[in-house]
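Visitor: Just dropping this structure here.
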Amino acid sequence: MNSERILKVLKGPHVSEKASIVADVNKQIVFRVDTTANKLEVKNAVEKLFNVKVKDVQIANVKGKVKRFRQSIGKRNDWKKAYVSLQDGYDIDFASAE
Numbered sequence: 015m016n017s018e019r020i021l022k023v024l025k026g027p028h029v030s031e032k033a034s035i036v037a038d039v040n041k042q043i044v045f046r047v048d049t050t051a052n053k054l055e056v057k058n059a060v061e062k063l064f065n066v067k068v069k070d071v072q073i074a075n076v077k078g079k080v081k082r083f084r085q086s087i088g089k090r091n092d093w094k095k096a097y098v099s100l101q102d103g104y105d106i107d108f109a110s111a112e
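Heads up: the sequence shown begins at 15 in my numbering, then just goes up one per residue.
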């Protein structure tokens, strides 16, 4: 996998109430990822960007919500999120600046 693709796979961490519960209970980190990304690409991108070892990756497709804008109906874009489990002894801290 080339370095350009690694930077395009991960779009950023997904911060929500469910993501924080999953992080506490299951030791997983949730990322927003590219809609064309697969599990192997997500695993390689996380390992190379954060210098950690990944144990498992689960991917979920999220359907965009249907919203009403005055008289017309619109739809938000579909997106994909990845639940990444790290091996014991590894952790990603987004709060610390390096």
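Glycine included, C-beta positions come from ideal geometry on N, C-alpha and C.
Is any heavy atom of the ligand NAP found at a distance shorter than 7 Å from the C-beta of Gly103?
Guide: Questions concerning the ligand NAP fall outside what the structure shown contains, since it holds no ligand whatsoever.
Visitor: Verify whether the separation of the beta carbon atoms of Val56 and Ala109 is less than 8 Å.
Guide: no
Visitor: Around the Cβ of Ala51, are there at least 16 other Cβ atoms within 10 angstroms (buried) or fewer (exposed)?
Guide: Buried, by the Cβ-count rule.
Visitor: In the DSSP assignment, find the unbroken beta strand (DSSP E) run with Arg46 in it and report its ends.
Guide: Gln42 to Val47
Visitor: How should Phe83 be labelled, buried or exposed, when 16 other C-beta atoms within 10 angstroms of its C-beta is the threshold for buried?
Guide: exposed
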